[in-house]
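Enquirer:
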Amino acid sequence: MRYFDIVESGIHTDKPTGEDYLEVVFEEKNTLPEGYSKDAYDSKGFFDKRVQDFPLRGKAVFLKVRRRRWLQGKLILHCKELLTTCL
Numbered sequence: 025m026r027y028f029d030i031v032e033s034g035i036h037t038d039k040p041t042g043e044d045y046l047e048v049v050f051e052e053k054n055t056l057p058e059g060y061s062k063d064a065y066d067s068k069g070f071f072d073k074r075v076q077d078f079p080l081r082g083k084a085v086f087l088k089v090r091r092r093r094w095l096q097g098k099l100i101l102h103c104k105e106l107l108t109t110c111l
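Dropping the structure here:
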C-alpha cells in the first residue's frame, strides 16, 4: 500500500454480545506528501476513523484507519478521499 501499513489485525470478541469480529488497523506512513519539507512539518498524533466493512466468513469486519496529523501552522493530509484512493 502506498500510504498505509497494517499495524494490527486479529479476531476480537464483542463483550455485550459475545460475538467475534475481525479488526484490521491501518496506520499512515511517516512520510510527507511531495512538495513538503520534513524540516518544516511535525507529525503530531493521529486522527482515528473506524468503519464497518462487509462480513468475512460470518464475522463482522472493522477497518480502523489512523491518519497522521502534520502541523506547521496548518494541517495537511496525503489525500482527502480517506478509503477510496489512499489504501
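Per the working numbering, the sequence shown starts with residue 25, numbered consecutively. Note that CB positions come from ideal geometry on N, CA and C, so glycine has one too. On a predicted model such as this, the values are computed, not experimentally measured, just so you know.
Do the stretch 33-48 and the stretch 65-84 touch if we need at least three Cβ pairs shorter than 8 Å?
Expert: With a cut-off of 8 Å, the stretch 65-84 and the stretch 33-48 count as touching, because enough Cβ pairs lie within range.
Enquirer: Report the option in Leu80, Tyr65, Lys68 whose CA atom is closest to the CA atom of Gly127.
Expert: The first residue shown for the chain is 25 and the last is 111, placing residue 127 beyond what the model contains.
Enquirer: Who pairs with Ala84 in a beta bridge, going by DSSP?
Expert: Bridge partners of Ala84: Tyr45.
Enquirer: Would you grab the beta carbon distance between Lys53 and Asp29 for me? Rounded to a whole angstrom, and I think it's under 8 Å.
Expert: About 6 Å; that satisfies the 8 Å criterion.
Enquirer: Can you find the residues in the same chain that come closer than 8 Å, C-beta to C-beta, to Tyr65, ignoring five residues on each side of it along the sequence?
Expert: Correct list, in chain order: Leu56, Trp94, Leu95, Gln96, Ile100.
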